[in-house]
Structures are given as C-alpha cells and as structure tokens.
Amino acid sequence: MNGLVLFGSPGSGKGTQAKLLEQCLRIPHVSTGDMLRAKGAAAGSVVVATMEAGALVSDEVVNQMVEDRLSREDAARGFILDGYPRTRAQAEHLCCWFDQRGIRELVIHLSVDYNVIIARLTGRRQCPVCGSLYNIVSQPPRVDELCDRDGQRLVVRDDDRESVIRERLDAYERQTRPVLDYLNAAGRRVYSVDASQGSPEEVFQKIRQALETHDRKENVG
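Final position of the sequence shown in our numbering is 1574; the numbers increase by one with none missing.
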C-alpha cells in the first residue's frame, strides 16, 4: 500500500491537487481540515474556534483522527493525505505508523510564494448553502458574489480572512516548515514542486512527473 502526502503551507493548493490525484489514482483524499471542521460541528465549538483563530488543534486529537480514517477499508489500496502532518510530533507519529504497517510513503512538497498565497486565500468565497467554492480572481462565479448553483450570496470563511491567514502562515513557519526538514533528514521520499505559477492542471502535471520519476527509481531499486 502507498501513502501520498501533500505537503505545503496554507493556500499552496493541497486540496485542489488532492482532488485531482484522487480522480487519477482512484484512492481516497483524506483532508484533515475537512475532518476537523466536521468534528468541530459535531462535538461543539472548541475545534472550530481553534481553527478560525489560526491555531493548530492538538497532536493527540489529529493523530487519532487520521489513524481512524486511514484504517478504513477504502484506504487499504492507498490514500492521499492533505494537511497532515503539520508538526514534528505528528510527522514522527505518522512515520512510525507507516513503518509498522509497511506503507511506502511519498511526500509532495508544493512550494508557493507567501504573497501569492495571501492573494489566493483572501479571494476565496463559499456558498453558505451548498458549500461550493469560488475564487474572485482565478475561479469567479458567473455573477459577482453569487453562487452559480443556487444564487445565494457568497461569504468569506473566517479562516480565509487576511489576519487569520497571516497567523496561519506564522504558525506554519514556526511549527510546520520544520516537518519538511525532519522528513528529509529521516530519509523519507520528498519531492518539491513549484506551485506558484500555472493553472491547477499545469501544477498537477508537475506532480505527475514527480510520481513517474519516483516510480522509475522504485523500479530500479
């Protein structure tokens, strides 16, 4: 079984690329952000409030949630992790979990300039009814600020406001960027992809090239 980990700062396009990879590879896209929002809605406001403040949810909560999800039958052939690990403790836990189960991992690091990220995220809008996502710059609705599907006025999610975005990027620098250093030092398979420029489809082709390079090396090895 293979585990594909998409790594990068908030706004680097992990979610978009994970969905494209899910369609291509036919393995589940596991988004910790989506799971945490669902968990927060079910369990109360603490998890949601933590995310909206730009802070990280505790390692213990996230580790257990990811383990439970990856243990389901649909992930037996492989999976795509989006948004995890985000701390060194999570990375150590995940690597140990992989090793115990004989899972071969591949980390794709999406590298994006922070100014590009801020422009991307502050432009995001969501329909409060159907959940459809838009971007007023790169993927605008047909009618300004209105959902294409149901005509509802689009809203800015709290965690897409600029002040929160900057907090998330600061948290990434302090806690998450060192995870990449740890994975490299631990000899894990890490490929860096420039995701600052180009359409999502163009970035996806870069990722596919990285996967093909990895497969060739695996076959030679």
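All C-beta atoms in this analysis are idealised placements derived from N, C-alpha and C, irrespective of residue type, glycine included.
Does DSSP classify residue i as helix, strand or coil?
i	result
Val1508	strand
Arg1495	coil
Ile1324	Nothing about residue 1324 can be reported from this structure: the residues present for the chain run from 1354 to 1574 only.
Arg1478	strand
Tyr1623	Outside the modelled stretch of the chain, which goes from 1354 to 1574, sits residue 1623, for which no answer is possible.
Ile1461	strand
Ile1433	strand
Pro1363	coil
Exposed or buried, residue i, counting other C-beta atoms within 10 Å across all chains shown (16 or more means buried)?
i	result
Lys1570	exposed
Gly1455	exposed
Thr1440	buried
Cys1500	buried
Cys1361	Just to set this straight, residue 1361 is Gly in the shown sequence, not Cys. By the neighbour-count rule (16 or more Cβ atoms within 10 Å), Gly1361 is buried.
Thr1566	exposed
Ser1416	The amino acid at residue 1416 is misidentified as Ser; the sequence shows Asn. Flag for Asn1416 reads buried.
Cys1483	exposed
Pro1438	buried
Cys1377	exposed
Ala1371	buried
Gln1443	buried
Gly1366	buried
Do you know how far the Cα of residue j is from the Cα of residue i?
i	j	result
Val1546	Tyr1525	18 Å
Gly1364	Gln1453	32 Å
Arg1477	Cys1448	33 Å
Ser1516	Asn1355	37 Å
Val1419	Thr1385	7 Å
Leu1580	Gly1436	This structure gives no information on residue 1580, because the portion of the chain shown stretches from 1354 to 1574.
Arg1527	His1462	17 Å
Arg1502	Gln1479	12 Å
Arg1457	Glu1498	43 Å
The beta strand (DSSP E) spanning residue i covers which residue range?
i	result
Gln1370	Careful: Gln1370 lies outside any beta strand (DSSP E), inside the alpha helix (DSSP H) at Lys1367 to Leu1378.
Val1358	Asn1355 to Phe1360
Val1383	His1382 to Ser1384
Tyr1487	Leu1486 to Asn1488
Grab the span of the alpha helix (DSSP H) containing residue i for me, first residue to last.
i	result
Glu1526	Element bounds for Glu1526: n/a, residue is neither H nor E.
Okay, do the region 1511-1523 and the region 1532-1550 touch, 3+ Cβ pairs below 8 Å being the bar?
no
Are the region 1422-1431 and the region 1472-1482 in contact at 8 Å, needing three or more beta carbon pairs?
no
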